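Right, one structure below, let's go through it.
Residue numbers (the numbering used here): 558 to 771.
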């Protein structure tokens, strides 16, 4: 099967089976989505959703968090991965938003990646989920699934290269959803260890690149 046909087959399945999909992170504003996404790096959405209710009750917006010290924020996020670094980034991010963006999360990629602790993946999540842009966030799940399903060549050996390949091949109207489709497929079916190939709808066409055979 040619790569173009592979894309068409996989995208058509997701359009039919998962037409309404979004992030599993819980949030009430663009700022809260940004905070939750920053916290989710190398941590599960389930864990983040346990932590953020109290955090958002105390710091509901950038103005409130900008007044906090990293040590204050740490007490709310101590159970997530890398809490020291993340609490520092959150405090600095909130202050920059208040100082440079009038308290509102910017929508331009060039502005988002200026924020402390915000990389290209997080910026793409904000653009896609909050602002409805055609943006592809490549996390570990999307990276893994894209390679295993043969959607990207082996030369796409970093997240930016995978992002560019996916953006070239996925219709623009599907891009934002496709991030969630691939992510959820990687989270629940095409898992890093012991992927559930018997439950995969693409088992017949999947080259299983990188899958360790037992």
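Ideal Cβ positions, reconstructed from N, Cα and C, are used throughout, including at glycine. Since this is a predicted model, take the numbers as computed values, not measurements.
Inset, instruction - Would you check if the distance between the CB atom of residue 662 and the CB atom of residue 683 is smaller than 8 Å? - result: The Cβ atoms of residue 662 and residue 683 lie closer than 8 Å to each other.
Inset, instruction - Could you give the DSSP three-state label for residue 636: helix, strand or coil? - result: Residue 636 sits in coil when the DSSP states are folded into three classes, being neither helix nor strand.
Inset, instruction - Given a cut-off of 8 Å, decide if residue 672 and residue 699 are closer than it, judged by their beta-carbon atoms. - result: No; because the gap between Cβ atoms is not below 8 Å, this pair is not in contact.
Inset, instruction - Quick one: residues in its chain with C-beta nearer than 8 Å to the C-beta of residue 626, no 5 flanking neighbours on either side, listed in chain order? - result: Residues of the same chain with a CB within less than 8 Å of the CB of residue 626, apart from the 5 flanking positions on each side, are 648 in chain order.
Inset, instruction - Have a look at residue 617 and residue 639 and give me their C-alpha separation to the nearest angstrom. - result: Cα to Cα, residue 617 sits roughly 22 Å from residue 639.
Legend entry - residue 771, buried or exposed, once every other Cβ within 10 Å from all chains shown has been counted against 16: With a pLDDT of only 49 at residue 771, under the threshold of 50, the placement of this residue in the model should not be trusted; the figure read from the coordinates follows. Counting the other CB atoms within 10 Å of its CB gives residue 771 a total below 16, which places it among the exposed residues.
Inset, instruction - From the DSSP output, in three-state form, read off residue 762 for me. - result: Per DSSP, reduced to three states, the secondary structure at residue 762 is coil, with no helix or strand assignment.
Legend entry - Separation of residue 754 from residue 612, as counted between CA atoms: Answer to the nearest angstrom: the Cα atoms are 38 Å apart.
Inset, instruction - Helix, strand or coil for residue 754, going by three-state DSSP, please let me know. - result: Judged by DSSP in its simplified three-state form, residue 754 adopts helix.
Inset, instruction - Run the CB neighbour count on residue 599, radius 10 Å, all protein chains shown included, and call it buried at 16 or more, exposed below. - result: Residue 599 comes out exposed.
Inset, instruction - From the DSSP output, in three-state form, read off residue 771 for me. - result: Low confidence applies here, because residue 771 scores a pLDDT of 49, under 50, leaving its location unreliable; read the following figure in that light. In the structure shown, residue 771 falls within a coil segment according to DSSP collapsed to helix, strand and coil.
Inset, instruction - Give every residue of the same chain whose Cβ lies closer than 7 Å to the Cβ of residue 744, excluding the five residues on either side of it in the sequence, and list them in chain order. - result: 698.
Legend entry - Cβ pair count under 8 Å reaching 3, the segment 723-734 against the segment 585-598: Taking 8 Å as the limit for Cβ pairs, the verdict is that the segment 585-598 does not touch the segment 723-734.
Inset, instruction - Verify whether the separation of the beta carbon atoms of residue 693 and residue 669 is less than 8 Å. - result: The answer is no: Cβ separation not under 8 Å.
Legend entry - Cut-off 7 Å between Cβ atoms - residues of its own chain near residue 655, not counting five sequence neighbours on either side: Once the five neighbours on either side are set aside, the close Cβ partners of residue 655 are 619, 620 and 623.
Legend entry - Of the listed residues 705, 590, 614 and 608, nearest to residue 768 (C-alpha basis): The shortest C-alpha separation from residue 768 is found at 705.
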